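Read through the structure below, which is laid out as structure tokens, and then see the notes.
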Amino acid sequence: MNVASTRFGIMTVPAEKVLTFPSGVLGFPEWTRYVMLDHDTDAPFKWLHCVEEASLAFVVVDPSVFHQNYQIEISAEARLEVEGSETDELSLVVILTIPSDDPSAVTANLRGPLLMNPRTRLCKQLVLAEDYPTRYPVFSPSTHAESSLISPHAEAVPA
Numbered sequence: 000m001n002v003a004s005t006r007f008g009i010m011t012v013p014a015e016k017v018l019t020f021p022s023g024v025l026g027f028p029e030w031t032r033y034v035m036l037d038h039d040t041d042a043p044f045k046w047l048h049c050v051e052e053a054s055l056a057f058v059v060v061d062p063s064v065f066h067q068n069y070q071i072e073i074s075a076e077a078r079l080e081v082e083g084s085e086t087d088e089l090s091l092v093v094i095l096t097i098p099s100d101d102p103s104a105v106t107a108n109l110r111g112p113l114l115m116n117p118r119t120r121l122c123k124q125l126v127l128a129e130d131y132p133t134r135y136p137v138f139s140p141s142t143h144a145e146s147s148l149i150s151p152h153a154e155a156v157p158a
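If you want it as structure tokens, here you go:
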């Protein structure tokens, strides 16, 4: 299927790679279908790009890349919403905010991770009661140079 993007132009993505957020992402409930795009083969970042809206995309990353102690409790209700069985390996990513005036000041929303079931392709944004911030600094001052890993190039990848 063809996916229009204001960042990447027209992309051809296999239909089976589409992820569905039945309730949308917070702030964007009307947009429910996304595709995960490889940001750069050497970087841990990915783009979560909306299939239905060419200008809607989020930079996401596995939170364990920068926060080794990030642990959350996945409720039975959330597991049910993504049709997760006891044996399903569910995955989590978090949305990054990249300030245009200082890309090295990247923050991650640890309070609203995205829960994904690679088998069913169903996803849900969680809203945690845990005391995690919505703007957790990803790079320490000594690693700000790493923010150059964020570029506008992408390829489709499995979630």
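Per numbering that gives the first Met the number 0, the sequence shown starts with residue 0, numbered consecutively. Where a beta carbon is used, it is the ideal one built from N, C-alpha and C, also for glycine. Nothing here was measured: the structure is a model prediction, and the numbers come from that model.
Asked, Found
"Where Ile-97 and Val-2 are concerned, what is the direct C-alpha to C-alpha distance, given to the nearest angstrom?", "24 Å"
"Do the segment 77-94 and the segment 123-132 make contact, defined as three or more Cβ pairs closer than 8 Å?", "yes"
"Asn-68: buried (16+ other C-beta within 10 angstroms of its C-beta) or exposed?", "exposed"
"Going by the beta-carbon positions, is the gap between Thr-31 and Thr-19 smaller than 8 Å?", "yes"
"Under the rule that 16 or more other beta-carbon atoms within 10 Å means buried, what is Pro-62, buried or exposed?", "buried"
"Tell me whether the beta-carbon of Tyr-131 lies closer than 8 Å to the beta-carbon of Arg-110.", "yes"
"Tell me the rounded alpha-carbon separation between His-38 and Glu-72.", "28 Å"
"Find the nearest neighbour of Glu-25 within the set Val-137, Ser-139, Thr-133, judged by alpha-carbon distance.", "With the sequence shown as reference, residue 25 is identified as Leu, and Glu is not the correct amino acid for it. Answer by Cα proximity: Thr-133."
"Determine the contact status of Val-64 and Trp-46, defining contact as a CB-CB distance below 8 Å.", "no"
"Assuming Val-60 and Val-50 make a contact with CB atoms under 8 Å, what is their CB distance in whole Å?", "Rounded, the Cβ-Cβ distance is 21 Å, inconsistent with contact."
"With DSSP run on the structure shown, which of helix, strand or coil describes Val-24?", "strand"
"Could you tell me whether the Cβ atoms of Leu-95 and Val-105 are closer together than 8 Å?", "yes"
"What residues in its chain sit with their C-beta under 8 Å from that of Pro-21, if we drop five residues either side in the sequence?", "Thr-31, Glu-80, Leu-121, Lys-123"
"Is Ala-77 closer than 8 Å to Leu-114 when the C-beta atoms are compared?", "yes"
"Could you tell me if the beta carbon of Ala-42 falls within a distance shorter than 7 Å of some heavy atom in the ligand COA?", "By its list of ligands, the structure shown contains no ligand whatsoever, and the ligand COA lies outside what it can speak to."
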